[in-house]
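Numbering (my numbering), first residue to last: 10 to 72.
Cβ coordinates follow ideal geometry from the N, Cα and C atoms, glycine included.
This structure is a prediction, so every number in the text was calculated from the model and none was measured.
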């Protein structure tokens, strides 16, 4: 992987066996190079919404 003229190159790594899950995404060059790894597929996720005091009303910010 190379970078030319400051362009960003992204690569997706996908499992070769079983379900075709994205395992890793890497970025080279650009403003924010780095990588992200994924795991725990098909695992339940518990999400707790923020309290009302932690929520912003974007319409109020537009005014």
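Residue 46 is bridged by DSSP to 33. Here residue 17 is not near residue 43, since their CB atoms are 8 Å or more apart. Taking a C-beta distance under 8 Å as the contact criterion, residue 32 and residue 46 qualify as a contact pair. Remark: C-beta atoms of residue 35 and residue 57 do not approach each other more closely than 8 Å. Going by C-alpha positions, residue 68 is about 29 Å away from residue 41.
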